[in-house]
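Undergrad: Following this message is one structure expressed as structure tokens.
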Amino acid sequence: MQHPLLFAVILYTGIALAQEVDTVVPPELLYFQEAQVPTDIEPGHYVVTLEVDIDENGRVTKVEALASDDPRLTPFAVEATRSFVFSPATAEGKPVPVKITYRYVFDIEHKKIEVVHVFQVREKGTRAPIDGLTALVEENAKAFVSNKGILEITDLPPGKYTLYIPEGEWVEMRVPFEVTPGRGQETEIWVERRYGASYQTVIRAPREARFVTKQSIVATELARLPGSGGDPLKMVENLPGLARSPFGSGQLIVFGADFLDSHVLLDSMPMWWFYHFGGLYSTINPAFIERIDFYPAAFDASYGNAIGGIVDVRMKEELLDDYHGAADVNLLHAGAIFGFPYSENGDLTFAFRRSYIDGILKAVFSDQEDFGLTTAPVYYDYQFQWRHHFGGHNRLKLFINGSDDALELLNRRNGLSEPTFVGTLGMRMWIHSAALRWDVDIAQGLSNALSVKVLPMGFDMNAFSSLKLKVTQLPVHLRDDLDWRINDDLRLRCGLSAMTTVAWVDVRAPHVPYGGSVPMPVATQEVIEASESVNVTEIAPWASLEWRPFQWWTLVPSLRLETWFGDWQVVYADPRLSMRFQIDEQWSIKAASGLYQQTPPVYTFSREFGGGNLGPEAAVHALLGVEWQPLREVFVQAEGFYKHLFNLAEPSKDKTIRYTNDGYGRAYGADFMVRINPSDWHFFGWLAYTYVVAQRWDFDIEDWRSADTDQRHVLNLVGTYELPRHWYIGLRFRLASGYPYTPVISAVFDADTDMYVPIPSPYKNSARLPLFHQLDLRVDKEWVFDNWKLALYLEIQNLYNNRAAEGVQYNYDYTKSEWVLGLPILPVLGIKGEF
Amino acid sequence: MRVLLLALLVVGCSDPFRPQSKVDGPRVLGIVADPPEAEFEGTTSLTAIIAYPEKVTHVTWSACPLSLGAEMQYACATPEIPISEGSNSIVFSATILRPWLDALKPMFADFIGFYRQIVNQKDYCMREVISKWDECIRGGGPCEDEGFEMALKCLRANGLKVVFHIAVTLDNGAVMHAYRSVRFRDPTSERPLNNIPRLTGVVIGDRLLKGGETIELEPRKETNVLPLFAENSVETYLNEDGETENERLWVSWFATAGDFAYARCTPEFPEQRYTLPGLGEPEQEAVIWVFVYDDRLGVSYITFKARPSGYKPAKEVSDMEP
Chain A
-3 MQHPLLFAVI
7 LYTGIALAQE
17 VDTVVPPELL
27 YFQEAQVPTD
37 IEPGHYVVTL
47 EVDIDENGRV
57 TKVEALASDD
67 PRLTPFAVEA
77 TRSFVFSPAT
87 AEGKPVPVKI
97 TYRYVFDIEH
107 KKIEVVHVFQ
117 VREKGTRAPI
127 DGLTALVEEN
137 AKAFVSNKGI
147 LEITDLPPGK
157 YTLYIPEGEW
167 VEMRVPFEVT
177 PGRGQETEIW
187 VERRYGASYQ
197 TVIRAPREAR
207 FVTKQSIVAT
217 ELARLPGSGG
227 DPLKMVENLP
237 GLARSPFGSG
247 QLIVFGADFL
257 DSHVLLDSMP
267 MWWFYHFGGL
277 YSTINPAFIE
287 RIDFYPAAFD
297 ASYGNAIGGI
307 VDVRMKEELL
317 DDYHGAADVN
327 LLHAGAIFGF
337 PYSENGDLTF
347 AFRRSYIDGI
357 LKAVFSDQED
367 FGLTTAPVYY
377 DYQFQWRHHF
387 GGHNRLKLFI
397 NGSDDALELL
407 NRRNGLSEPT
417 FVGTLGMRMW
427 IHSAALRWDV
437 DIAQGLSNAL
447 SVKVLPMGFD
457 MNAFSSLKLK
467 VTQLPVHLRD
477 DLDWRINDDL
487 RLRCGLSAMT
497 TVAWVDVRAP
507 HVPYGGSVPM
517 PVATQEVIEA
527 SESVNVTEIA
537 PWASLEWRPF
547 QWWTLVPSLR
557 LETWFGDWQV
567 VYADPRLSMR
577 FQIDEQWSIK
587 AASGLYQQTP
597 PVYTFSREFG
607 GGNLGPEAAV
617 HALLGVEWQP
627 LREVFVQAEG
637 FYKHLFNLAE
647 PSKDKTIRYT
657 NDGYGRAYGA
667 DFMVRINPSD
677 WHFFGWLAYT
687 YVVAQRWDFD
697 IEDWRSADTD
707 QRHVLNLVGT
717 YELPRHWYIG
727 LRFRLASGYP
737 YTPVISAVFD
747 ADTDMYVPIP
757 SPYKNSARLP
767 LFHQLDLRVD
777 KEWVFDNWKL
787 ALYLEIQNLY
797 NNRAAEGVQY
807 NYDYTKSEWV
817 LGLPILPVLG
827 IKGEF
Chain B
4 MRVLLLALLV
14 VGCSDPFRPQ
24 SKVDGPRVLG
34 IVADPPEAEF
44 EGTTSLTAII
54 AYPEKVTHVT
64 WSACPLSLGA
74 EMQYACATPE
84 IPISEGSNSI
94 VFSATILRPW
104 LDALKPMFAD
114 FIGFYRQIVN
124 QKDYCMREVI
134 SKWDECIRGG
144 GPCEDEGFEM
154 ALKCLRANGL
164 KVVFHIAVTL
174 DNGAVMHAYR
184 SVRFRDPTSE
194 RPLNNIPRLT
204 GVVIGDRLLK
214 GGETIELEPR
224 KETNVLPLFA
234 ENSVETYLNE
244 DGETENERLW
254 VSWFATAGDF
264 AYARCTPEFP
274 EQRYTLPGLG
284 EPEQEAVIWV
294 FVYDDRLGVS
304 YITFKARPSG
314 YKPAKEVSDM
324 EP
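The following block contains the structure:
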């Protein structure tokens, strides 16, 4: 039994919001709750420093630990402090809410306690030891709290008792036990969560001033949403600022930017490509992903070489505490993952996935006379992860992954309009990647993260021996992030991004389609050949200073210097500034602007396809927004933005240079989002509406025209509700303007090739595909056993079978047209076992 | 599933339109140029094959020696040269091109400006001319005379591609436009002029047709069809990089009635199937055209008729003979 001597000192009285400091009368502690003390704490003097929010009635509304002499005491101090009652603080005589810093002091004296029974408490399904579970001995109503999965019952005389776990976070449970004289007995009990773990462990980083328009969502939340197929990355396009990608291709179209202008990163390092063929699934097993951070615009200088947005996929950092694994089977693929800790300081994880759609499609097409699948679409991916913590301050992680996708069709007859498209169409893309990351806590408030990544990759396409594209590339990336919290109001982040790559390209193809162009028959176009290698090196130091001159104002000036060597030699600097005004606990205003530059499209590096002479493309971002968080569970934001694009790669009429940097454009609009965060409401979802106007200057008509990415209205309503007994039901409704396209007004006959050549309207992108709308439904059921869990899901995409127009197709002489329709109603069934 | 959909689109199974092989109205089916490549100041003849010629009221021919090509909808850098009216066949002598080119000499800067828009990657000669022109202009010039002579040499060696334009006016006032290129150049022993690819005939069922015949077929029954390529149809030639390449050939099928299984086929996969409509259905007698193309402007065709067994002719449909 402990006898803590407790006393409190109010060190500092926070500012009553919107009040002057010198008029505030601090609250007084009226009721003190004694904290429990774990039995394994040595006698001594301990302090847990807490930040306590007290409302105008003197009730504690929020407690957060700031520091602790022993982290084992922290949850007990927090729990006890929640029961404190204060006299209200007053400002000019009126009660006001305040935030105080409170030191909870434990003076623990040595006293022998008698443990009469020990329960090992584990969570059903995951086998995880449970911390902080409160249970009562029914006979005397004495409460005990588990610590690291151990619940010790103390000081009970011999007899029969019942341990009672009340309904709450856990399913109600009664466990009879007996206390006998002598040594205490041990019992293992398995406790079931009433609701999924994702609703209990919510990770929310504080809103950062340097990322004024960041969305951060935990991967497990995303994976259960309809349309995800269990893959969190596929849900990113439902966030505000993003357009619906054409044909579900997974292309990121952020605030009207071209998809090449945005990047997907894995722990801030490039992934190069992140989807298997056609955007079916991402190439990383979702079990590795902790959360997804999305920055649609106006991010600070820690990210560069992108004039669009950034998606940063964050991997899990916490070491495994036990062996874990999962097997996943759905319509397209089967996969498995297994990980285990080899010591308290390290773990290993392996994962592998392979599609079997090749088997299905080969069976479907086996009786087709005119074409066949010599290699049906097949993909696999693998991941290996090794993590080790050295001495508590150094963390090392090696992550090796790769994927391989292949497809080959044999077209024996010409069902296509192109006269020579007979034979085989083959495509293969592969990537292998090894990334080593070293995190070190150098000193209090000073940390560093160094990553090196090498990722050989290749893409090989051969179309009917007429066209080919073969690219082999060997990039090596390095990134260093130093984070120095100088004091409470000043924080410096700086670092270096570096990359060197050599690419070998062998291509035979028409020129890359221009914006707003109508697809031309290949037979009537010049076929360009190139067999080249490109070697570039990037060194980009950056610095970002977060300065809080006042409690309510944070500003972040940042600068990135990009230096490129090799076949592309340029130097440029991107200054940026963002700021956040915290009006009160609920409201904040944010504003940001900056210069963003990037390499021109990759094909322009080719001397034959792009002239190889372009400078960087550029954009100025400006963003103004407001955030409102009326409740912990509810987050609302509204933003307006303007992007001026310049120095864009613009096709030249001069075929000896192909491209110039003369292109310019603009994108402007607004977005609005209401998000319900995971909580004990058991609902998670959001409503997001984005309005974007994306335009490019048309030099032919000397006026603005719609960009190819000009999807004006995008509305996404996404949500999933957790019912008791581990049932989940989710809906997704999407409404989006059609993409613009250039109509064909007539055609002429090209007697050289027996093809009709379309005559496009001089007004590019002057027509638009019909409105897209789709409703998806997903139902999950999870069965929880002691050592493992089994989950079954049914996802019905396009519930009311609205086949959306995804493009336009024409008859041979362009006198008739039809929409290219998207997928009909599509049920997908999946099953996943997890331990 | 998206891959499946993509695969279906690639092989054209989702094409909801009437196939190109189905001829249900007046149409330019092809233009045969003989020879498809002629000597620099040589002669070629062009014949337009037009279905339902009785609905054609007027035909005009013109030529453009400096065309921006298909990608720019055949816009011509200079006004097109009128050639002939009224006939679907012409003979063109390139001797008129030399004075036309000479007239361009004073406007050589404009000529270079135009050529920048059409010069192909593999036209090394003309790219060199443009490069030297730029260099000369930077040096202060004058550059016209030397540049013109160099450009002329390039045109003679690599060919001046003249695009012929036929405008066909129909009885309903509509105008159809078709374009056909002929290259005029100086042949060498390494790079002789291209010849027309030819078919020796078409086997329908068990009968060989060489053109001009009429064949009776069982209605609504699919019949195997096989094109027979003449010997040496696939020519070997030196490309711009001096590498040996084989021509790629394809066959296009057209019929005024009935259905071909495929609009086109190739020597690698030549088999074709054809089905005549049933008795009593409209358009029972079919005029059939079979064109063979190579990828160097060569084209020829044969035509014949097919009718159902027991057919009684109601009306005559034929192509417009030269």
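So the protein lines, in turn, are chains A and B. The first sequence begins at -3 in the numbering used here and counts up one residue at a time. The second sequence begins at 4 in the numbering used here and counts up one residue at a time. Heads up, the beta-carbon is just placed ideally off N, CA and C, and yes, glycines get one too.
Using the rule of at least 16 other Cβ atoms within 10 Å of the residue's Cβ for burial, across every protein chain shown, is S96(B) buried or exposed?
TA: Looking at its Cβ environment, which holds fewer than 16 other Cβ atoms inside 10 Å, S96(B) is exposed.
Undergrad: Report yes or no: do the stretch 271 to 281 of chain A and the stretch 464 to 473 of chain A share at least 3 C-beta pairs separated by less than 8 Å?
TA: The stretch 271 to 281 of chain A is not in contact with the stretch 464 to 473 of chain A.
Undergrad: Going along the chain, which residues of its own chain have a beta-carbon closer than 6 Å to the beta-carbon of Y296(B), five neighbours each way excluded?
TA: Hits under 6 Å: W253, V302.
Undergrad: Does the structure place the stretch 638 to 649 of chain A close enough to the stretch 614 to 626 of chain A that three or more beta carbon pairs sit under 8 Å?
TA: Short answer: they touch.
Undergrad: How is the alpha helix (DSSP H) around Q120(B) delimited, first residue to last?
TA: That run of the alpha helix (DSSP H) goes 111 to 121.
Undergrad: Got a sec, what are the start and stop residues for the beta strand (DSSP E) D658(A) sits in?
TA: Where D658(A) is concerned, the enclosing beta strand (DSSP E) stretches over 655 to 672.
Undergrad: Whose C-beta lies closer than 6 Å to the C-beta of W292(B) among residues of the same chain, with five residues either side of it excluded?
TA: Only L32, F257, Y304, T306 meet the Cβ criterion.
Undergrad: I need the DSSP call for K125(B), collapsed to helix, strand or coil.
TA: Of the three classes helix, strand and coil, the one that applies to K125(B) here is coil, per DSSP.
Undergrad: Less than 7 Å between the C-beta atoms of L229(A) and T716(A), yes or no?
TA: Cβ atoms of L229(A) and T716(A): not closer than 7 Å.
Undergrad: Would the stretch 247 to 263 of chain A count as touching the stretch 293 to 309 of chain A if we require 3 or more Cβ pairs under 8 Å?
TA: Touching, yes.
Undergrad: Taking only beta-carbon atoms, is N807(A) less than 7 Å away from chain B?
TA: It does; some Cβ of chain B falls within 7 Å.
Undergrad: Short of 8 Å in beta carbon distance, which residues of its chain neighbour E274(B), apart from the five on each side in sequence? Order them along the chain.
TA: N227, V228, L229, C268.
Undergrad: So R299(B) and T217(B) are in contact, right, with Cβ under 8 Å, and what is the actual spacing, rounded?
TA: Incorrect: roughly 33 Å between the Cβ atoms, too far for contact.
Undergrad: Considering E778(A), what are the terminal residues of the beta strand (DSSP E) in which it resides?
TA: First-last of the beta strand (DSSP E) with E778(A): 768 to 780.
Undergrad: Could you tell me whether any Cβ in chain B is nearer than 7 Å to the Cβ of T533(A)?
TA: No, no contact with chain B.
Undergrad: Using the C-alpha atoms, what's the distance from F115(A) back to P820(A)?
TA: Roughly 54 Å between the two C-alpha positions.
Undergrad: Name, going along the chain, the residues of the stretch 307 to 338 of chain A whose beta-carbon falls closer than 9 Å to a beta-carbon of chain B.
TA: Correct list: L327, L328.
Undergrad: Evaluate R654(A) with the Cβ neighbour count: other Cβ atoms within 10 Å of its Cβ, from every protein chain shown; 16 or more gives buried, anything less gives exposed.
TA: R654(A) is buried by the Cβ-count criterion.
Undergrad: Report all residues from its chain with a CB closer than 6 Å to the CB of L446(A); omit the five preceding and five following residues, and keep chain order.
TA: Taken in chain order, the residues that qualify are W434, D476.
Undergrad: Does any residue of chain B have a CB that is nearer than 7 Å to the CB of F745(A)?
TA: It does; some Cβ of chain B falls within 7 Å.
Undergrad: Could you check whether the Cβ of D563(A) sits closer than 7 Å to any Cβ belonging to chain B?
TA: No, because no Cβ of chain B sits closer than 7 Å to the Cβ of D563(A).
Undergrad: Report buried or exposed for V178(B), applying the criterion of at least 16 other Cβ atoms within 10 angstroms of its Cβ.
TA: Exposed: under 16 other Cβ atoms inside 10 Å.
Undergrad: Are the beta-carbon atoms belonging to L465(A) and V448(A) less than 7 Å from one another?
TA: Taking 7 Å as the Cβ cut-off, L465(A) and V448(A) do not qualify as a contacting pair.
Undergrad: Using alpha carbons as the reference points, say which of F631(A), L627(A), F386(A), H259(A) lies closest to T595(A).
TA: Comparing Cα-Cα distances from T595(A) to each of F631(A), L627(A), F386(A), H259(A), the minimum goes to H259(A).
Undergrad: Let me see if you follow: with CB-CB separation under 7 Å, is T416(A) close to chain B or not?
TA: Closer than 7 Å to some Cβ of chain B, the Cβ of T416(A) qualifies, so yes.
Undergrad: Assign D137(B) to one of three DSSP states: helix, strand, or coil.
TA: DSSP places D137(B) in helix when its eight states are reduced to three.
Undergrad: Over the uninterrupted alpha helix (DSSP H) stretch that includes N609(A), give me the two end residues.
TA: Where N609(A) is concerned, there is no enclosing alpha helix (DSSP H), given that its DSSP letter is neither H nor E.
Undergrad: Leaving aside the five residues before and after L327(A) along the sequence, list all residues of the same chain whose C-beta is less than 6 Å from its C-beta, in chain order.
TA: If we look at L327(A) and ignore the five residues flanking it on each side, its Cβ neighbours are V824.
Undergrad: Suppose you measure from the CA of E44(B) to the CA of E528(A); what does that come to, to the nearest Å?
TA: When rounded, the distance between both Cα atoms is 39 Å.
Undergrad: Are the C-beta atoms of K828(A) and some chain B residue less than 7 Å apart?
TA: For K828(A), the answer is no, since every Cβ of chain B falls outside 7 Å of its Cβ.
Undergrad: For the alpha helix (DSSP H) that contains P77(A), what are its first and last residues?
TA: In the sequence on display, residue 77(A) carries Thr and not Pro. Where T77(A) is concerned, the enclosing alpha helix (DSSP H) stretches over 70 to 77.
Undergrad: Under 8 Å, CB to CB, which of the residues in the stretch 255 to 288 of chain B have a partner in chain A?
TA: Answer set for the stretch 255 to 288 of chain B: S255, A264, Y265, A266, R267, C268, T269, E271, F272.
Undergrad: Output, in sequence order along the chain, the residues in the stretch 124 to 153 of chain B whose CB is closer than 9 Å to any CB in chain A.
TA: Within the stretch 124 to 153 of chain B, the qualifying residues are Q124, K125, R130, I133, S134, D137.
Undergrad: Using CA atoms only, rank isn't needed, just tell me which of E288(B), R30(B), R21(B), S255(B) is closest to D174(B).
TA: D174(B) has its Cα closest to that of R30(B), out of E288(B), R30(B), R21(B), S255(B).
Undergrad: Which of the three DSSP states is assigned to K58(B) in this structure?
TA: Helix at K58(B).
Undergrad: Going along the chain, which residues of its own chain have a beta-carbon closer than 6 Å to the beta-carbon of A154(B), five neighbours each way excluded?
TA: Taken in chain order, the residues that qualify are V132.
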